[in-house]
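Here is the structure we will look at.
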Amino acid sequence: MRVEGRKLALVGLEPAELTHLVGTLPGAKPFTPAQIYAWLYSKRARSFAAMSNLTLPMRRELERMFEIGLPTLENLSCSTDGTRKYLFKMTDGELIESVWIPEPGRNTMCLSTQVGCRMGCRFCATGLMGLKRNLAGGEIVGQALCVLDDIGYRDRRVNVVFMGMGEGLDNYENVMKAFRLLTDPDGIAISSRRITLSTVGLVPGIERLATERRAPKLAISLNSPFDHERSDIMPVNRKYTIASLMDAVAGFMSAQHAGKRIRLNERVTFEYVLLKGVNDTPAHARELIRIVRRVPAKLNLLAFNPTPSLPFERPDEPWIESFKQILLDADVPVSFRRSRGRDIGAACGQLVTAHRSQPGQKRHDEPPLTPVRVATKPAGVRGIQEPSG
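Residue numbers are given in numbering that gives the first Met the number 0: position 186 of the sequence shown equals residue 185, and the series is strictly consecutive.
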């Protein structure tokens, strides 16, 4: 995002944009834009002085005209389970949160796509903020670069989920730009199969996503199989009913996997937050089975993470297990996502920028973190391993 009085940020520019911007600078060679691109995204240089294969005059010119353009880390909270929650300040002063979730066999970054959210889901703390603005593509990618820098992580086998603050399909252009930058083999080079976009069910956005040559995997926040209930807890359902949502999801899966065998980890994920006494009865489970059988899908159950100002409770563990068992008995691929980072407000539905750091406060003193290295192993249909939230 361009802020008056600041230099233009380079993080967030795609190759063609970078070529247009710096290719005509004094002393620029035909290969100069590609060198700068590699320094920004692959080598992750954090100053122009570090771009050692550029001439000194070129580095000085870049310093004069541009900035790298990463967000500022305002605060870092670390959970007892290893989850790390980052509070970032954008160039205009707005605050967002990102999360790093380490687990045996997998590491996941949860990125925000908006400052706040206008979807108004009643069980989500971010919705209490309303929507302040969209994040630019560079602000989304910048979160990933800052988190990877903090962790000291160079392994490209990392999962990325657009499940932080905001509704990704409500900021389509910038999210897809971030997706392209994250997956560019000449840059950050994360496999597109490791990136998931979560949506409340904006049908036009899903239909548009179906037309993309490459798209992230899709996760649908469902949370009730009954229209009247879903409309109460998720206002988006008043405009896009479950039937229209399922039609869009079926179209997306058909377009993205035409003629191909769909593996388990390529199925659309339906996320279901269990709210005590609201959407957790056997009748809900049975109707859920009927709905998700329409498309190649898997179910991801989450228990509500208690948050001040939200009027819901999480079900008891035995009740959760009985709900899950109904689904398993019907041979529906299902997992139960254990909440991670609840003690620091980093779990699913808890992200809200209530924190305001004091002047000069950047982060807590934390011990060095050794990232969990990935060891690939096949997942079974029953009891799928999913990233925690």
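Where a beta carbon is used, it is the ideal one built from N, C-alpha and C, also for glycine.
Beta-carbon spacing of residue i, residue j below 8 Å
i	j	result
V159	M89	no
Y271	N299	yes
A214	T268	no
F87	P70	yes
E312	F225	no
P32	V21	yes
I319	F335	yes
Nearest neighbour of residue i, chosen from the options [CA to CA]
i	options	result
M128	E166, A49, R192, P184	E166
W99	M175, G151, K131	G151
A296	L134, S220, Q324, F30	S220
T23	R43, M64, G276, N52	M64
K216	G204, S243, P203, T195	T195
A249	R285, T280, D279, T210	T210
S191	S334, F161, S78, V10	F161
R5	G137, N133, D183, D91	D91
F303	S321, A257, D279	D279
P103	R156, I35, T31, V199	R156
A282	T79, A254, E265, S321	S321
L72	D185, E138, R105	E138
I232	V199, M50, L208	V199
Contact belief for residue i with residue j at Cβ below 8 Å, rounded distance in angstroms
i	j	result
N222	R229	6 Å
V114	E93	5 Å
I189	A247	Actually they are not in contact, since the Cβ atoms of I189 and A247 sit about 26 Å apart, beyond 8 Å.
K275	P314	5 Å
N173	G141	Wrong, their Cβ atoms sit about 12 Å apart, outside the cutoff.
V294	M245	7 Å
L134	G68	In fact, because the Cβ distance is near 13 Å, the residues do not count as touching under 8 Å.
D437	A37	The question about residue 437 has no answer here: the residues shown for the chain are numbered 0 through 388.
T112	G163	7 Å
Same chain only: Cβ atoms within 7 Å of residue i, ignoring 5 sequence neighbours per side
i	result
G126	C116, M118, G119, C120
Nonlocal neighbours in the same chain, by C-beta distance under 6 Å from residue i, ignoring five residues either side
i	result
I187	Y40, L181
A329	I288
L395	In the structure as shown, the chain begins at 0 and stops at 388. Residue 395 is therefore absent and cannot be evaluated.
L61	F47
I290	P224
L7	F65
Nonlocal neighbours in the same chain, by C-beta distance under 8 Å from residue i, ignoring five residues either side
i	result
R292	V331
R43	L144, L147, D148
S308	A124, L127
K323	L300, V333, F335
P234	M118, G119, C120
- Message: In chain order, what are the residue ranges of uninterrupted beta strand (DSSP E) at least 3 long that sit wholly in the stretch 301 to 340?
- Response: Correct list: 333 to 336.
- Item | Completely contained alpha helix (DSSP H) runs for the stretch 98 to 132, where each covers 4 or more residues | Taking only runs of at least 4 residues, no alpha helix (DSSP H) segment lies wholly in the stretch 98 to 132.
- Item | 4-residue-minimum alpha helix (DSSP H) runs that sit fully inside the stretch 14 to 41, ordered along the chain | 14 to 21, 31 to 36
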